[in-house]
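J.: Just so you know, the sequence shown maps onto residues 150 to 309 in this note's numbering. Backbone N, C-alpha and C fix where the C-beta goes; we use that ideal spot for every residue, glycine too.
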Amino acid sequence: MKFEFLDKSAFPQTAQVLFDILYGNMSVIAPSGQSRSEDEATWKNAVGEGLKKDARRIVLIKDGDELAGFFQYYVNASAFMMEEVQLKEKYQGKGILRELYRFLMPHIPEETPRVEAFADLRNARSMDILLKMGLLPVSEEGGLCKFRGSLENLKKWLNS
150 MKFEFLDKSA FPQTAQVLFD ILYGNMSVIA PSGQSRSEDE ATWKNAVGEG
200 LKKDARRIVL IKDGDELAGF FQYYVNASAF MMEEVQLKEK YQGKGILREL
250 YRFLMPHIPE ETPRVEAFAD LRNARSMDIL LKMGLLPVSE EGGLCKFRGS
300 LENLKKWLNS
């Protein structure tokens, strides 16, 4: 696997293929109840706005020339926020997340106190992965479970 940061200016040209991966996963795991075009417009707008912030990044996950998935995150003074990780089904369960986080660690300041993520309550697989990564559920709201842990626990998971 190869990991590279998306050039933010390329998001408009890349958005469709990223959304296709997202939709392929979420339409099965946690359908929104909206049409595909409504979901796509909502997602593209939200991500496009988010990418205007310096701290927001997208990592492309590639298998040769094929886009296998992507990871969206940001880091600020209080947390490393894991926004969204999406892998095509054929790449799931193959240890790619560990490779991804090894790639990311040099880009996350050591002094970052927390790691946070949200998982859809209907997505048991994601919640299980977050637990294995050392994050614990801290709240539920709007069909989402918020998880929180430490950068140290994430590093322990990486090295386990």
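1. Give every residue of the same chain whose Cβ lies closer than 6 Å to the Cβ of E189, excluding the five residues on either side of it in the sequence, and list them in chain order.
2. For the beta strand (DSSP E) holding K211, just list the boundary residues, first then last.
3. Do F154 and E248 have their C-beta atoms closer together than 9 Å?
4. List the whole-angstrom C-beta distance separating R271 from S227, where the pair is believed to meet the contact cut-off of C-beta under 8 Å.
5. What are the residues that DSSP puts in a beta bridge with S288?
6. Please list, in chain order, all residues of the same chain as L293 whose beta carbon is under 8 Å from its beta carbon, the five residues on each side excluded.
7. Spell out the partners DSSP gives Y222 in its beta bridges.
8. Are the beta-carbon atoms belonging to L160 and V196 less than 9 Å from one another?
9. Taking the alpha-carbon of R185 as reference, which of K304, T163, I170 has the nearest alpha-carbon?
10. Considering only residues of the same chain and omitting the five flanking positions on each side of K281, which have a CB-CB separation below 8 Å?
T.: Once the coordinates are examined:
1. Leaving aside the five residues that flank E189 on each side, the residues in its chain whose CB is nearer than 6 Å to its CB run, in chain order, F168.
2. 205-212
3. If you check the CB distance, F154 and E248 do not come in under 9 Å.
4. R271 to S227, Cβ: 28 Å. No contact.
5. K295
6. Contacts found: F267, A268, D269, L270.
7. R206, M231
8. For the sequence presented, residue 160 should be read as Phe rather than Leu. Contact flag set, yes.
9. Of K304, T163, I170, the residue nearest in Cα terms is I170.
10. W306
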